[in-house]
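Protein sequences appear in the order of chains A and B. Just so you know, my numbering puts 15 at position 15 of the first sequence, and the rest follows in order with no gaps. Just so you know, my numbering puts 1395 at position 395 of the second sequence, and the rest follows in order with no gaps. Note that beta-carbon positions come from the ideal geometry of N, C-alpha and C, so glycine has one too. First up is the structure itself, then whatever we jot down about it.
2 protein chains.
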Amino acid sequence: MKRTSRDIRTANRYAVLRHLIAKSPASRGELAESAGLSQATVATLVGELTALGLLVEVGFEESAGGRPRSLVAVDAAGGALVGVDVAETYVHAELFDLALGVVARAEEELRPGGSAPEEVVGRIAAAVRTAVESAAAADARRPPRVLGVGVTMPGQVDRERGVAVRAANFGWRDVPLTALLAERLPYPVHLDNPLRAATVAELWFGAARGRDDAVVINLGTGVGAGLALGGTLHRGVTNSAGEWGHTTLVLDGRPCSCGDAGCVEAYVGAPAIMRTLRELAPDSPLLTDDEQTATIGALGRAAAAGDPVALRVVRETARHLGAAVADLVNLLNPEVIVLSSWVAAALGTPLLAEVREAVARHALGSPFAATEIVLSPIPTDPVCLGAATFALEGVLSSPGPTGTTLTAHTT
Amino acid sequence: MKRTSRDIRTANRYAVLRHLIAKSPASRGELAESAGLSQATVATLVGELTALGLLVEVGFEESAGGRPRSLVAVDAAGGALVGVDVAETYVHAELFDLALGVVARAEEELRPGGSAPEEVVGRIAAAVRTAVESAAAADARRPPRVLGVGVTMPGQVDRERGVAVRAANFGWRDVPLTALLAERLPYPVHLDNPLRAATVAELWFGAARGRDDAVVINLGTGVGAGLALGGTLHRGVTNSAGEWGHTTLVLDGRPCSCGDAGCVEAYVGAPAIMRTLRELAPDSPLLTDDEQTATIGALGRAAAAGDPVALRVVRETARHLGAAVADLVNLLNPEVIVLSSWVAAALGTPLLAEVREAVARHALGSPFAATEIVLSPIPTDPVCLGAATFALEGVLSSPGPTGTTLTAHTT
C-alpha cells in the first residue's frame, strides 16, 4: 500500500515514456497533461530520461501566441530491449528498439514434455545471442545497446528473486532462472509469467490501451486471465493472480491437470477442445494429427469454411468459455475483455461470435452492456512484447543519472 | 486512469485522516511516513483538515534530541456522519463522531417484498432524524454538526447521479434516491451499495486493514464479493464489480434469482441454504418457521450444538461456498478473505472450519498458502460504518477552506 518516493518516480517515468512510445514527439505540456503531473515534475523526468539515453530533443513547435515549445521524442535507436517467450516446445526471442518496434527475431526448439533447466537456459541464451547478432549485422555502425532482457516462464514465478517457483509442464520447482541466465548473458534479466506479459502488451499497445479495467484471456494449452485493474497490472499478494483457468465452472466435472475437477481449463484449453472433438466425432479427419497446434489450426480453418462438426466443437467450447467469461464480467465489471494467444487466433471470428452470444446469456445486463469482447489486435507475439516492457520497467527503476546509472552493453 | 490534482488531494487527505482515525494523536512526521508523502505536503493537508474542523492540535511530544514535535488528532466531536443501511425488511441508521465511534442508532421497519420509493425515502429520513435527535439529547450543549449522510441501497447503484438503477428485491428501476432524500434531509447525501460499504469498513477498521488485496464476502439473502485491490475499492467501469454471487459454479445447475442457472448464490444465499435443509431433511423441526433470519439463526445454533442435520446442511453449503471462495483465491490471489453479513455471523465457526477445508481442496497450493480466511471482526453493522465513511469521503472531496467550504448543519 505504501509507495516510496522511488516507486512514485519510477511510475512517473513510466507514464511519460509510455505516452511518448505511443506518440512521439510531444511537448512537455502535453506530457504533463497526459500523465496528470506538474510541468516542473515533467521537466525533471524528461531531463532524467534524456540523461539515461532514452529521449532526445527533436526541435520546436510554434505555439499559439507564445514562444515556440520544444519537443521531445523517444530515441528509438538509443537502446535495445529483448523479450523472450519460453513455452513447452519453443523459445522465442525478439529484439526491440526503444520505441518497441521489432528489430530482430530468433527461435530455438525445445523437446516437449519436460526440458531440464540447463537445456532451457542454454536455448534462451542462444536465442538472445542470435537476435542481438542479427540486429548488429543489420546496422554495423550502431550495434544494439541492450539495456535489459525480459524472460517469461509459464507457471508460478517469483519475479523479485528471479525464480521459477513452479512450472508444471516442465516438472520444475524453485529453479533460480535469473541467476542461471546471469552466468550466460551480460545483460540484466527480468523474469515474469507470460500471462502478465501479454496483459502488459495489451495495456501499452493493444485493446486495453487507455482503459481502466481490462481482462486479457490467454487461450492456449493452459488458460489464464491477466487482470489490468485501475490502469495497472493486478499481481496479487504472491504474483499469482489470474489463475482463472483453475476456477470451477462445473462442480465435480471433467478432471483437470491441476488435480481438481470441473475447472475452466478442462473445457476450453487446447487439450480439452481436442477431447470435445473426440467426444463429438471420434472419426473426424481433423483428428488424424494428434498434435495440438496442427489440430486446433485445422479445426479453425474447418469452422471458418462452415464444416458442421468443427462448428459444433467451436459452439460447445464457446458455451463453456462464454459462461466463464461472464463470470469475469460479473465479478470485475471490466471495460474490455481480450481473447489472446494461439487458440484464440486459430479459432478466430467463429469463436468470438459464439462466445459473445454465450456471455450474453450468462452475464448481468448492466455490466455486460459496458464490456467489449474482442480478439487481440497485436500483430506480433504479445508475450515477447510484454517481456520487453518488463525489461524497460527495470531500466526505469534504475537509480538514474546521478547514481551509478544503467550499465550499457554492446556486442 | 488520469487522476486530477483534486483527486490526488482528496486521496492524500483521506490517507492522513485514515491514519489518525486508526491512531490519534500523531506527529506530522509519522503521518508523512505512513502516507508516503513529504512533510511539506502533510503540513498543508493538516492545515486544510484543521480548517475544515476535522483535526485539532493536541500538544507536544518530546523528540530525541530535537525540538518537541506538535501532535494532531481527529476532533471526534468536531462533526458527525450518518450511515444508513437499507435492506428489504429494515432501515438501520447509525450516527458516528469523526473518530467513527457510534453515538446514536435508529431503526425503521420495511414491509418485505417491495416497498415503494416514497415509503423507503420516508423511513430513511425518519431514521436519520431519530438518530440525530437522540445524539442531540445526549449532549445538549453541543448538538451534532452533521457533515453528511451515506446511504446504501442493494442492487445496482449509480453513485455519481445518486440513482438506484436496479433494486431487484424492491422492484425498482432508476429511482433518483439522492434527489428524493434531498427534499427531506438538510444534509449532503451519498448513495452506494452495501457490498462496497462493508468492504470499505473492513479496509478501514476490520480484517482488511493494512492489506493490499482483500475480498469481503457478503453472505445474506443475496451474495456478493467486495474487492479491495491495491489498497482501494475496485468498483469496475460501471460501479457494479463484485457480483460473485452470479458467477457460475455448476453449469446448468439450480435456477437462480437472476434468471441464470448454477450461480454461487443459488447454493449459498439464505434461501438456497433453506432449500438445502428442505432437500436433506424435509421434516426438520428447524423448518417450522419459514422466515429466513429465524431459520438460519436456528440452524447456526443447532450446528454449534452438534445437531447432525444442521451439520450436514453447513457442510453441503460449505462444499459449494469453498469451491467458489477458491475461485477468488485462484483468480485474485488476495491476502485475506473475510466472511461478512448475517448468514456468516449466524453460521459462524462451524461454517468457517468447513469452508477452509473445502477451499484447500479446490485452490492452488501457492495462492492458498498466502490467503487467510476469517469471519468479519467488526462488532457493529459494517454497512452503516462503511456508508458513514462514504459520507466522510464526500466531505474530504469538498473544495476546502479557501473555497465555499463545507456546509455544517446542526439540529
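As for any alpha helix (DSSP H) of minimum length 4 sitting wholly inside the segment 4-88 of chain A, the runs are 5-22, 28-35 and 39-51, ordered along the chain. Residues of chain A with a Cβ closer than 8 angstroms to the Cβ of W1244/B are, in chain order, N330 and L331. Taking a C-beta distance under 8 angstroms as the contact criterion, S1340/B and A1198/B qualify as a contact pair. At least one CB atom of chain A sits nearer than 8 angstroms to the CB of S1240/B. A distance of 8 angstroms or more separates the beta carbons of P154/A and A73/A. Close to C258/A, with beta-carbon spacing below 8 angstroms, are these residues of chain B in chain order: L1364.
Contact between the segment 121-134 of chain A and the segment 204-219 of chain A is not established, with fewer than three Cβ pairs separated by less than 8 angstroms. The C-alpha of T389/A lies about 14 angstroms from the C-alpha of L54/A. Of all residues in the segment 1135-1163 of chain B, only Q1156 come within less than 9 angstroms of chain A when Cβ atoms are compared, listed by chain position. A straight-line Cα-Cα distance of about 40 angstroms links S1398/B and W244/A. Taking all protein chains shown into account, Q156/A has 16 or more neighbouring C-beta atoms within 10 Å of its C-beta and is therefore buried.
In the structure shown, the three-state DSSP call for R1166/B is strand. Pairing V314/A with V338/A gives a Cβ-Cβ distance that is not under 8 angstroms. Residues V84, V86, V91, V151 and L181 of the same chain have their beta carbon placed closer than 7 angstroms to that of I124/A, with the five preceding and five following residues left out of the count. Under the 8 angstroms criterion on CB atoms, D212/A is classed as interfacial with respect to chain B. Under a criterion of Cβ atoms nearer than 7 angstroms, the residues of chain A adjacent to V1250/B are, in order, V250 and L251.
Residue range E1372 to L1375 is occupied by the beta strand (DSSP E) that includes L1375/B, with no alpha helix (DSSP H) assigned at that position. Taking 8 angstroms as the cut-off, the beta carbon of I296/A is found closer than this to the beta carbon of A346/A.
The alpha-carbon of E30/A is positioned some 40 angstroms away from that of A1026/B.
When the beta-carbon positions are compared, G1386/B and V1082/B stay at least 8 angstroms from each other. Under the three-state reduction of DSSP, H1190/B is assigned to strand. The Cβ atoms of V189/A and V250/A lie no closer than 8 angstroms to each other. Taking C-alpha positions only, P1382/B is separated from L1095/B by approximately 13 angstroms. In terms of Cβ geometry, L45/A and R13/A form a close pair [threshold 8 angstroms]. Between the alpha carbons of L1071/B and Y1267/B lies a gap of roughly 52 angstroms. The alpha helix (DSSP H) runs lying completely inside the segment 265-345 of chain A and spanning 4 residues or more are 265-268, 270-280, 292-304 and 308-332, given in chain order. Counting only Cβ-Cβ distances below 9 angstroms, A1370/B has contacts in chain A at G236, V237, T238 and S240, in chain order. Counting other Cβ atoms within 10 Å of its Cβ, D1174/B stays below 16 and is therefore classed as exposed. Counting every other CB atom within 10 Å of its CB across the protein chains shown gives D1260/B a total of 16 or more, marking it as buried. The segment 292-312 of chain A makes contact with the segment 273-280 of chain A, as at least three CB pairs between them are under 8 angstroms. The DSSP-derived three-state label of H1362/B is helix.
When secondary structure is reduced to three states using DSSP, I1124/B falls in the helix class.
Looking at the backbone, the Cα of A1360/B and that of F1368/B are separated by about 7 angstroms. Separation of the CB atoms of I1378/B and G1206/B is rounded to 5 angstroms, and the pair is thereby assigned contact status at 8 angstroms. Of the residues L49/A, F170/A and Y187/A, the one whose Cα lies closest to the Cα of T178/A is Y187/A. Judged by DSSP in its simplified three-state form, H246/A adopts helix.
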